[in-house]
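Numbering follows UniProt numbering, with no gaps: position 69 of the sequence shown is 69. Yeah, the Cβ is synthetic: ideal placement off N, Cα and C, and Gly gets one too.
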Amino acid sequence: MKNKIILIAAISVLIFGCKRKGCTDPNAINYDASNKENDGSCTYSATISFWFDSITSVNFENQGIDMIEVFVENESFFHTTTNTYLSSEPDCSYPDLFKFAIEVEGEHQSVNYKVNDQNGIEVLNGTTLVKADSCLSVQLIY
Numbered sequence: 001m002k003n004k005i006i007l008i009a010a011i012s013v014l015i016f017g018c019k020r021k022g023c024t025d026p027n028a029i030n031y032d033a034s035n036k037e038n039d040g041s042c043t044y045s046a047t048i049s050f051w052f053d054s055i056t057s058v059n060f061e062n063q064g065i066d067m068i069e070v071f072v073e074n075e076s077f078f079h080t081t082t083n084t085y086l087s088s089e090p091d092c093s094y095p096d097l098f099k100f101a102i103e104v105e106g107e108h109q110s111v112n113y114k115v116n117d118q119n120g121i122e123v124l125n126g127t128t129l130v131k132a133d134s135c136l137s138v139q140l141i142y
């Protein structure tokens, strides 16, 4: 009988005494309501929209660049002809093909991007700060 009481007490401590750690922010992608303690692992979604205007389009074409490919964190994001430009900065609801969804670890994250021409030669690069649950517009200037 004594052994059963000890066993029940030990199991109770294991079940009820351990706090489950994980993401406790309901706005995060990886939120889990059963987590009792935030361990800093929350990730959020954000959107980056790349665009360029007619001046950059002309500058590309003057250099013989008729196609570009944009990479985000070394992953190909999109490619387009250089005569596909916008006359002004798009807002997040703009239905363009140049949007990239990204997971952000924490409140913000630095993101590297680069632009290659049709021959695979890098012609632009940069770093931008992406905030969680936001949409960022990045103008490519050449």
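Let me confirm a value: C92 is counted as buried when at least 16 other C-beta atoms fall within 10 Å, else exposed. Which label applies? exposed
Only counting the same chain, and skipping five residues up and downstream in sequence, which positions put a Cβ closer than 7 Å to that of S76? E69
Does the stretch 26 to 35 come close enough to the stretch 113 to 130 that 3 or more CB-CB pairs lie under 8 Å? Segments in contact, no.
Which residue's Cα is closest to the Cα of Q139: E107, Y85, D133? Y85
I need the straight-line Cα distance from H79 to S45, nearest angstrom please. 23 Å
Sufficient close CB pairs (3 or more, under 8 Å) joining the stretch 45 to 61 to the stretch 119 to 133: yes
Kindly provide the ranges of any beta strand (DSSP E) runs that are 3 or more residues long and lie completely inside the stretch 47 to 123, ordered along the chain. 67 to 72, 75 to 81, 99 to 105, 108 to 117
According to DSSP, simplified to helix, strand and coil, what is S137? strand
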